[in-house]
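Numbering (this note's numbering), first residue to last: 307 to 616. To keep things clear, I will list the structure first and then write my remarks on it.
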């Protein structure tokens, strides 16, 4: 059990057992999302800029904000809370010449709420707040599609733990460095919806590993080793599933569309293994979904508890 009366190294006023995860990670039901990534030029001014943005995200505004930092930048900002077990995104080389590209930036700001205007206004505030220390490198809007579905029509996030268990899955334990924070994976995937739509429903379901209607996992007797479910469900040495907390949402244009994959975990290892299994880097078996969805960007971020952002 963490002791609550000892201030942890490198974080004035931050004490074990008193860490609070950024609430925007767990705020569900929002329809409009905006992902902003910044390249940092003046690290010593970043936290002040982030504080300015967070102060603008009042309950009246009605927009949730989640802020993450590239591992190397976080080490600079709060050395006493560095995570030596979290690395920046490097390209993942899989089977058959397949690869997942890297697009690591310094700061990630994820805004999401129930109205596009509120998210837009706070996005402009974020740009202004970081203007003196960082430049915008990537901007991507996304949205909630139908009843929590991916653009393929299949339900997204079926494997998510219940909300009351998500904190355990997504949050770094309080007695570790950056306790109360989280490790986030951000990827952009472009779908070939026309190619996927040419398949009949049984083949689509075999690729996903779940039924289109009801999102029921296929029986083990017919579940393919290359199905998406088979690739992303990983287990520990005791055979227990290592869960993550997904907050993915689709993005769209009539010509280019896909998924902003967002996932939170208490450690990087399980998410990294999922990606390697999808790419076929672990055992040579590649996720068949990657034949119809192509990653165009990928980054890791440390999402610290609110006490370390104050």
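All C-beta atoms, glycine included, are put in the ideal place defined by N, C-alpha and C.
Which whole runs of the alpha helix (DSSP H) in the region 315-372 are 4 residues long or more, in chain order?
If we require 4 residues or more, the alpha helix (DSSP H) runs fully inside the region 315-372 come out as 352-362.
Residues in its own chain within less than 7 Å of residue 463 by CB, not counting five upstream and five downstream?
Here the question's residue 463 lines up with position 157 in the chain shown. Within its own chain, the residues whose Cβ lies closer than 7 Å to the Cβ of residue 463, once the five positions on either side in sequence are excluded, are 454, 552 and 554, listed in chain order.
Note down, in chain order, each residue of its chain lying with its Cβ closer than 8 Å to the Cβ of residue 380, except the 5 sequence neighbours on either side.
The residue labelled residue 380 in the question sits at position 74 within the chain shown. Result list for residue 380: 387, 388, 389, 484, 608 and 610, in chain order.
Is residue 356 near residue 615, with beta carbons less than 8 Å apart?
If you number the chain shown from 1, residue 356 lands on position 50. If you number the chain shown from 1, residue 615 lands on position 309. It is a contact, given that the beta carbons lie within the stated cut-off.
In the DSSP assignment, find the unbroken beta strand (DSSP E) run with residue 448 in it and report its ends.
Within the chain shown, the letter at position 142 stands for residue 448. For residue 448, the enclosing beta strand (DSSP E) stretches over residues 440-449.
DSSP three-state assignment for residue 516, whether helix, strand or coil
By one-based count along the chain shown, residue 516 stands at place 210. In this structure, residue 516 counts as strand in the three-state DSSP scheme.
For residue 461, list the residues DSSP reports as bridge partners.
Along the chain shown, read from residue 1 onward, the residue named residue 461 stands at position 155. Residue 461 is bridged by DSSP to 455.
Contact between the region 524-538 and the region 590-597 (3+ Cβ pairs under 8 Å)
Three or more pairs of CB atoms, one per stretch, sit closer than 8 Å, so the region 524-538 contacts the region 590-597.
Residue environment, residue 364, which counts as buried when at least 16 other CB atoms sit within 10 Å:
Locating residue 364 in the chain shown gives position 58, where the first residue counts as 1. That one is exposed.
Is it true that the CB of residue 461 sits closer than 8 Å to the CB of residue 521?
Position 215 of the chain shown holds residue 521. Position 155 of the chain shown holds residue 461. Yes. Within cutoff.
Using the rule of at least 16 other Cβ atoms within 10 Å of the residue's Cβ for burial, across every protein chain shown, is residue 437 buried or exposed?
Walking along the chain shown from the start, residue 437 turns up at place 131. Exposed is the call here.
Starting from the Cα of residue 331, find the closest Cα among 338, 598, 347 and 490 and give me that residue.
As a position in the chain shown, residue 331 is number 25, starting the count at 1. Out of 338, 598, 347 and 490, 490 has the C-alpha closest to the C-alpha of residue 331.
Which partner residues of residue 418 appear in the DSSP bridge assignment?
Here residue 418 is taken as the residue at index 112 of the chain shown, counted from 1. By DSSP's assignment, residue 418 forms a beta bridge with 339 and 370.
Taking the continuous alpha helix (DSSP H) assigned at residue 497, which residues delimit it?
Start at 1 with the first residue of the chain shown, and residue 497 comes out as number 191. No alpha helix (DSSP H) contains residue 497, which is instead part of the beta strand (DSSP E) from 488-497.
Smallest Cα separation from residue 439: which of 568, 417 and 345?
Residue mapping note: residue 439 aligns to position 133 of the chain shown, counting from 1. Closest by alpha carbon: 345.
Looking only at its own chain, which residues have a Cβ that is under 7 Å from the Cβ of residue 512, when we skip the five neighbours before and after it?
Sequence index remark: in the chain shown, residue 512 carries index 206 (1-based). These residues qualify, in order along the chain: 530 and 533.
In the DSSP assignment, find the beta strand (DSSP E) that holds residue 376 and state where it starts and stops.
As a first step, residue 376 must be located in the chain shown, where it is residue number 70. Note, residue 376: premise wrong, no beta strand (DSSP E); not H, not E.
Leaving out the 5 sequence neighbours to the left and right, which residues in its chain are closer than 6 Å to residue 574 when beta-carbon positions are compared?
Counted from its first residue, the chain shown places residue 574 at position 268. So the qualifying residues of the chain are 392 and 489.
Would you please state the rounded distance, in angstroms, between the beta carbons of residue 600 and residue 449? I believe it to be under 8 Å.
Within the chain shown, residue 600 is the residue found at index 294, counting from 1. Within the chain shown, residue 449 is the residue found at index 143, counting from 1. So it is not a contact: roughly 20 Å between Cβ atoms.
Start and end of the beta strand (DSSP E) containing residue 602?
By one-based count along the chain shown, residue 602 stands at place 296. Segment 599-609, the beta strand (DSSP E) holding residue 602.
Residue range of the unbroken beta strand (DSSP E) whose run includes residue 555
Looking up residue 555 in the chain shown gives position 249. 555-557 is the span of the beta strand (DSSP E), which, as asked, contains residue 555.
Measure how close the beta-carbons of residue 417 and residue 558 come, nearest whole angstrom, since I'm counting them as under 8 Å.
Working through the chain shown from its first residue, we reach residue 417 at position 111. Working through the chain shown from its first residue, we reach residue 558 at position 252. Taking C-beta atoms under 8 Å as the contact rule, residue 417 and residue 558 fail to qualify, at a distance of about 18 Å.
Excluding the five sequence neighbours on either side, which residues of its own chain have a C-beta within less than 7 Å of the C-beta of residue 442, listed in chain order?
Start at 1 with the first residue of the chain shown, and residue 442 comes out as number 136. So the list reads 342, 344 and 433, once near-sequence residues are dropped.
Ends of the beta strand (DSSP E) at residue 538?
As a first step, residue 538 is located in the chain shown; it is residue number 232 there, counting from the start. Where residue 538 is concerned, there is no enclosing beta strand (DSSP E), although the alpha helix (DSSP H) it sits in stretches over 534-538.
Where does residue 371 land, buried or exposed, given buried means 16+ other C-beta within 10 angstroms?
In the chain shown, counting from the first residue as 1, residue 371 sits at position 65. It counts as buried.
Measure the CB-CB distance between residue 326 and residue 486 and report whether it falls below 8 Å.
For the purposes of this step, residue 326 is taken as residue 20 along the chain shown, with counting starting at 1. For the purposes of this step, residue 486 is taken as residue 180 along the chain shown, with counting starting at 1. Taking a C-beta distance under 8 Å as the contact criterion, residue 326 and residue 486 qualify as a contact pair.
Work out the CA separation of residue 604 and residue 595 for me, nearest whole Å.
Here the question's residue 595 lines up with position 289 in the chain shown. Here the question's residue 604 lines up with position 298 in the chain shown. Going from the Cα of residue 595 to the Cα of residue 604 covers about 17 Å.
Considering just the uninterrupted stretch of the beta strand (DSSP E) at residue 568, what are its terminal residues?
Looking up residue 568 in the chain shown gives position 262. In the DSSP assignment, residue 568 falls within the beta strand (DSSP E) that extends over 564-571.
In whole angstroms, what is the alpha-carbon distance linking residue 526 and residue 515?
Mapped onto the chain shown, residue 526 falls at position 220. Mapped onto the chain shown, residue 515 falls at position 209. Rounded to whole angstroms, the separation of the alpha carbons of residue 515 and residue 526 is 10 Å.
Is the beta carbon of residue 502 sitting closer than 8 Å to the one on residue 567?
Within the chain shown, numbered from 1, the residue matching residue 502 stands at position 196. Within the chain shown, numbered from 1, the residue matching residue 567 stands at position 261. No; because the gap between Cβ atoms is not below 8 Å, this pair is not in contact.
DSSP three-state label for residue 502, please.
What you label residue 502 is simply residue 196 of the chain shown in a count that begins at 1. Looking at residue 502 - three-state DSSP - the assignment turns out to be helix.
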